[in-house]
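Trainee: Numbering (my numbering) for the sequence shown: 854 to 1058. For every residue, glycine included, the Cβ atom is placed at its ideal position computed from N, Cα and C. Next up is a structure, given as structure tokens.
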Amino acid sequence: MKQEINPKDTCRAQAFEMWMKSPLPMVTLMKTFDVTHLYKAGKRLNMKFNMLLCWCIGRAASGIDEFYLLPSQGKLYKYDRLAINVIVDNAKGGISNCDVPYSDDLEQFARDYEALTQKTAATCCDINDEEAIIVGTSAVTGTELDCIVNQYSGIFNNPFLSWGRYRKGWLKTTLPISFQFHHAQMDGRQAARFLEELQRTINTI
854 MKQEINPKDT CRAQAFEMWM KSPLPMVTLM KTFDVTHLYK AGKRLNMKFN MLLCWCIGRA
914 ASGIDEFYLL PSQGKLYKYD RLAINVIVDN AKGGISNCDV PYSDDLEQFA RDYEALTQKT
974 AATCCDINDE EAIIVGTSAV TGTELDCIVN QYSGIFNNPF LSWGRYRKGW LKTTLPISFQ
1034 FHHAQMDGRQ AARFLEELQR TINTI
């Protein structure tokens, strides 16, 4: 459920006042993750790497209160659940957006991910979840990338993660991930906590 709240009644009051009217309110952090365990888990469980990473993102974000807040058009909204946005190659050769509801149950998330992304690809129609806070993702797997910087316009204020192709070494598989967020939503402290939690989740899936 989505509800408008008064920023002054939250811990983001000062940040909202400072950053809501900024012409460049977005912050991007880049971190290289050790995804060796995730890669091996995907092979063992016969699950897609991208789906597993999306679940890990949802798992890490779900325990951080700031992820449920969204600054938009001068207002602050609070949500009670998360969804992960996946960009899907569709049947017409273009791309479509698909919002997959996050579940603590990995198998349930995997079923929803598979069903919804296949439907989006076949129908070429976006699947949008207006009642969930959306954590955006974009996998540009055609090449290895050091980082990706998305729009800084403030039009799309949702937290957003992006990455390229993972890098396989002799003993370790790594993946640089870019994490973008609106400064009125969270500060570097919460963002760093999320990135640390994401690595822990990847290590223990």
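1. Within 10 angstroms of its Cβ, does Cys864 collect 16 or more other Cβ (buried), or is it exposed?
2. Does Arg1020 come out as helix, strand or coil in the three-state DSSP assignment?
3. Provide the residue span of the alpha helix (DSSP H) that contains Lys1025, from first to last.
4. Pick from Ile858, Leu882, Thr889: whose alpha carbon is nearest that of Trp1023?
5. What do you reckon, are the CB atoms on Asn1011 and Leu923 nearer than 8 Å?
6. Of the residues Gln1033, Trp908, Ser956, which one's Cα is nearest the Cα of Lys884?
7. Helix, strand or coil for His1036? Go by DSSP, reduced to three states.
8. Applying the 10 Å Cβ sphere with the 16-neighbour rule, what's the burial state of Cys951?
9. Using the rule of at least 16 other Cβ atoms within 10 Å of the residue's Cβ for burial, across every protein chain shown, is Met900 buried or exposed?
10. With a CB to CB cut of under 6 Å and the five nearest residues on each side skipped, what residues in its chain are close to Pro860?
11. Across which residues does DSSP place Ala992 in a beta bridge pair?
12. Give the list of continuous beta strand (DSSP E) stretches no shorter than 3 residues that lie fully inside the region 891 to 976.
13. Would you call Ile858 buried or exposed, if buried means 16 or more other Cβ atoms sit within 10 Å of its Cβ?
14. Please classify Ile1055: does DSSP put it in a helix, a strand, or coil?
15. Counting C-beta neighbours from all protein chains within 10 Å, is the total for Gln961 16 or more, i.e. buried, or is it exposed?
16. Can the beta-carbon of Thr990 be found closer than 8 Å to that of Ile937?
17. When you compare only the Cα positions, how much space is there between Ile986 and Lys1021?
Mentor: On the basis of the coordinates in this document:
1. It is exposed - the Cβ of Cys864 has fewer than 16 other Cβ atoms within 10 Å.
2. In the structure shown, Arg1020 sits in a strand (DSSP, three-state: E or B).
3. No alpha helix (DSSP H) contains Lys1025, which DSSP labels as neither H nor E.
4. Here the closest residue by C-alpha is Thr889.
5. Against a cut-off of 8 Å, the Cβ pair of Leu923 and Asn1011 comes out as a contact.
6. Cα-wise, what sits closest to Lys884 is Gln1033.
7. Correct three-state label for His1036: coil.
8. Taking all protein chains shown into account, Cys951 has 16 or more neighbouring C-beta atoms within 10 Å of its C-beta and is therefore buried.
9. Its Cβ being crowded by 16 or more others within 10 Å, Met900 is buried.
10. So the list reads Ala866, Phe869, Leu929, once near-sequence residues are dropped.
11. Partner residues in the beta bridge of Ala992, as assigned by DSSP, are Trp1016.
12. Counting only runs that start and end inside the region 891 to 976, the beta strand (DSSP E) elements of at least 3 residues fall at 922 to 925, 928 to 932, 935 to 942, 948 to 954.
13. It is exposed - the Cβ of Ile858 has fewer than 16 other Cβ atoms within 10 Å.
14. Reduced to three states, the DSSP call for Ile1055 is helix.
15. Taking all protein chains shown into account, Gln961 has fewer than 16 neighbouring C-beta atoms within 10 Å of its C-beta and is therefore exposed.
16. Taking 8 Å as the Cβ cut-off, Thr990 and Ile937 qualify as a contacting pair.
17. Rounded to whole angstroms, Ile986 and Lys1021 show a C-alpha spacing of 33 Å.
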